[in-house]
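Here the structure is laid out as structure tokens; the discussion comes afterwards.
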Amino acid sequence: MAVPAQFKAIQHHLRTAQEHEKRDPVVAYYCRLYAMQTGMKVDSKSPECRKFLVKLMDQLETMKKELSDNDSINQEVVGNAHIENYALKMFLYADNEDRAQRFHKNMIKSFYTSSLLFDVLSVFGELSEENIQHRKYARWKATYIHTCLKNGDTPQ
Amino acid sequence: TGSVGTSVASAEQDELSQRLARLRDQV
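Read top to bottom, the protein sequences are chains A and B.
The opening position of the first sequence corresponds to residue 157 in our numbering, with each subsequent residue numbered one higher.
The opening position of the second sequence corresponds to residue 563 in our numbering, with each subsequent residue numbered one higher.
Structure (structure tokens):
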């Protein structure tokens, strides 16, 4: 379904979920859970938003049944570790490329996706100060390097 | 009509909240 305009803030989390549908269903599940919770806070009253959220909830319930034997879904403390490890893995890959001055679309996407996954960690509770810093740094780096490459500049 | 619409919307919103709580085994 098309994402209602009111849900612009979660469209990239939903796209990340789609990208991980097969690669890592646990990541897909928690990205959608984050989108569900955030969407309900933004607008669960207007007909188009409510319709979208009901469909998203259907999808989450189906995923939960399909992944019923996966501890990362059954036990949120395991899910928390799974998402945090994945986010840090993406962050460290991008950071290593950055330090090696290898600037390319993949490393930009890794920085950006890791920042989205640090958002997703908030479904488990308050973010640690370290993860707040990681999220800020990753989002800034993704934006900065993307702009440099677009303008033909070399990122410093 | 307005009040009926509003109560339908809030009932559906409650239903969504309950489904979310059940999904997270928080019921």
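Just so it is clear, CB atoms sit at the ideal spot from N, CA and C, and this is done for glycine as well.
- Neighbours of residue 278 of chain A across chain B, judged by C-beta separation under 7 Å, do not exist; the nearest C-beta is about 14 Å away.
- When only Cα atoms are considered, residue 216 of chain A and residue 289 of chain A end up about 29 Å apart.
- It is roughly 11 Å from the alpha-carbon of residue 202 of chain A to the alpha-carbon of residue 209 of chain A.
- Put simply, of A/182, A/267, A/236 the residue whose alpha carbon is nearest the alpha carbon of residue 281 of chain A is A/236.
- Between residue 223 of chain A and residue 191 of chain A the beta-carbon gap is near 17 Å, outside 8 Å, which marks them as no contact.
- Taking all protein chains in view, the Cβ of residue 213 of chain A is crowded by 16 or more other Cβ atoms within 10 Å, so the residue is classified as buried.
- For the pair residue 231 of chain A and residue 585 of chain B, the Cα-to-Cα distance works out to about 12 Å.
- Note on residue 266 of chain A: 16 or more other CB atoms within 10 angstroms of its CB, so buried under the neighbour-count rule.
- If you keep only unbroken alpha helix (DSSP H) runs of at least 4 residues inside the region 231-257 of chain A, you get 232-255.
- Counted as a single uninterrupted DSSP element, the alpha helix (DSSP H) harbouring residue 307 of chain A occupies residues 285-307.
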